[in-house]
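In numbering that gives the first Met the number 0, the protein residues as written are 0 to 344. To start, the structure itself, in structure tokens.
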Amino acid sequence: MKKGISNREIEERLKTSVEHLTPDIRSRIIERCKEESEPVLIHHKNKSHLRRVRLYQIIAAAAVLFLAFSIAIPLMHKQKFENVAAVIDIDVNPSIELSINNKDRVVKVKAVNDDAKAIIEDMDLRGTQTNVAINAIMGSMLEHGYLQTDTKYVLVSVESKTKVSSEELEQKVCSDMDTILSNYSVDAQILTQVMTNDDNVADISDNYGVSQGKATLIKHIMLMDNSYYEDELSRMSISELDALLTELEERVPSADSIVEITYVVPSEVDNNSEVTSSVYEEPAVEVTVEDEEENIVSSNEAEIEPVSDEDEEDSVSENSVSSNSVSENQASDLDNNLEKEIEEE
0 MKKGISNREI
10 EERLKTSVEH
20 LTPDIRSRII
30 ERCKEESEPV
40 LIHHKNKSHL
50 RRVRLYQIIA
60 AAAVLFLAFS
70 IAIPLMHKQK
80 FENVAAVIDI
90 DVNPSIELSI
100 NNKDRVVKVK
110 AVNDDAKAII
120 EDMDLRGTQT
130 NVAINAIMGS
140 MLEHGYLQTD
150 TKYVLVSVES
160 KTKVSSEELE
170 QKVCSDMDTI
180 LSNYSVDAQI
190 LTQVMTNDDN
200 VADISDNYGV
210 SQGKATLIKH
220 IMLMDNSYYE
230 DELSRMSISE
240 LDALLTELEE
250 RVPSADSIVE
260 ITYVVPSEVD
270 NNSEVTSSVY
280 EEPAVEVTVE
290 DEEENIVSSN
300 EAEIEPVSDE
310 DEEDSVSENS
320 VSSNSVSENQ
330 ASDLDNNLEK
340 EIEEE
């Protein structure tokens with residue numbers, strides 16, 4: 000009786016069958032490679048190598064993100080800094096335009112005409128405070144011989160593009176300009192106006208090479224009197240335009256003035272006025288003749304000494320005569336003093 004086949008024998012037989020079914024071509028491949036004189040590379044996967052590759056990939060991704068943020072943040076800051084919130088035009092004869100951001104810093108400086116190029120030639124005003132930039136511009140104008148004539152005009156035009164109203168900006172810039180010119184001992188007339196974003200004003204500014212502030216003034220004059228033309232008005236100075244505008248406003252009482260005038264008094268004049276006002280005089284006290292006579296009589300009574308009965312009559316008579324003469328002299332002097340004080344008043 001045959002014994003049953005064990006499980007182990009079954010496994011060995013299956014293994015042998017599979018080995019015979021799968022051809023062993025490794026030896027043939029190696030022989031072929033030797034014939035072609037090419038090395039045979041057998042790659043073995045290493046888990047530590049895979050971990051290093053993944054680590055390098057993570058580091059590279061982090062570096063890319065850091066680089067992206069380092070580029071994006073300065074660009075955002077630059078864009079925010081260069082966001083123009085207001086425009087200020089300064090016209091003397093050189094016309095200069097300042098673009099201001101919401102931090103009251105200068106973003107851009109533009110020389111509108113050729114005369115203005117020499118004023119800001121060697122000046123870098125980007126990032127400076129508005130009043131510092133205006134101070135530097137006015138100082139350069141004085142160095143180049145402007146604002147030296149008897150009649151001095153400065154046209155300041157503002158345009159606000161944010162919540163800050165143009166009127167508030169106009170008052171601030173006018174106050175800064177007033178202080179700056181006073182410190183330079185320049186007595187001038189500051190003409191201020193509020194500009195509006197107008198296509199006609201932009202066309203006048205571009206066609207004739209004038210600032211938007213001067214173009215706004217020209218447009219207002221043409222609206223009041225259409226007999227004037229752009230090319231004629233563009234050749235006029237600020238003082239001539241102001242005189243013409245004043246004349247038209249007198250002829251047309253209903254016209255609303257767009258220009259406000261501020262007269263600058265130099266700081267030297269202010270100091271003299273302060274010195275004059277510092278001299279203090281005691282107020283004059285009104286004294287009547289009767290009060291003065293009472294004071295004189297009381298003082299005389301205090302100086303009288305006791306006398307004997309024999310000399311009493313003589314002394315009384317002498318005292319009465321002397322007191323009367325003194326009181327008359329004092330009264331006359333007092334009247335003279337009062338008349339002088341009245342004349343001085």
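Ideal placement from N, C-alpha and C gives every residue a C-beta, glycine not left out.
CB of residue i within 8 Å of CB of residue j, strictly
| i | j | result |
| --- | --- | --- |
| THR191 | CYS173 | yes |
| LEU97 | VAL108 | yes |
| ILE189 | VAL155 | yes |
| LYS218 | VAL193 | no |
| ALA85 | ILE99 | yes |
| ASP175 | ASN130 | yes |
| ASP90 | GLY212 | yes |
| ASP177 | TYR207 | no |
8 Å contact criterion, which residue i and residue j should meet: CB distance rounded
| i | j | result |
| --- | --- | --- |
| ILE87 | VAL157 | 5 Å |
| THR161 | ASN101 | 6 Å |
| LEU180 | MET137 | 7 Å |
| SER236 | ASN92 | 7 Å |
| LEU247 | ASP224 | 6 Å |
| LEU146 | VAL185 | 5 Å |
For residue i, the nearest candidate out of the options (CA to CA)
| i | options | result |
| --- | --- | --- |
| SER233 | SER94, GLU120, LYS160 | SER94 |
| ASN82 | ASP103, SER226, LEU64 | ASP103 |
| VAL106 | LEU216, ALA132, ASN92 | ALA132 |
| ASP121 | GLN128, ASN130, ALA135, ASP224 | ALA135 |
| GLN128 | LYS171, HIS143, ILE24 | LYS171 |
Check: residue i C-beta below 7 Å from any heavy atom of the ligand ATP
| i | result |
| --- | --- |
| GLU229 | For the ligand ATP, the structure offers nothing, since it holds no ligand at all. |
Residue i classed as buried or exposed, judged by whether at least 16 other C-beta atoms fall within 10 angstroms
| i | result |
| --- | --- |
| TYR55 | exposed |
| TYR152 | buried |
| SER5 | exposed |
| THR215 | buried |
| ALA115 | buried |
| LEU64 | exposed |
| PRO282 | A caution first: PRO282 carries a pLDDT of 37, below 50, which makes its placement in the model too unreliable to give a value. |
| LEU49 | exposed |
| LEU222 | exposed |
| ALA187 | buried |
| SER139 | buried |
Residue i at chain B interface by Cβ criterion, 8 Å
| i | result |
| --- | --- |
| TYR152 | Here there is only one protein chain, and chain B is not present. |
Three-way DSSP call (helix, strand, coil) for residue i in this model
| i | result |
| --- | --- |
| LYS107 | strand |
| ILE189 | strand |
| ILE28 | helix |
| GLN128 | strand |
| SER238 | helix |
| GLU167 | helix |
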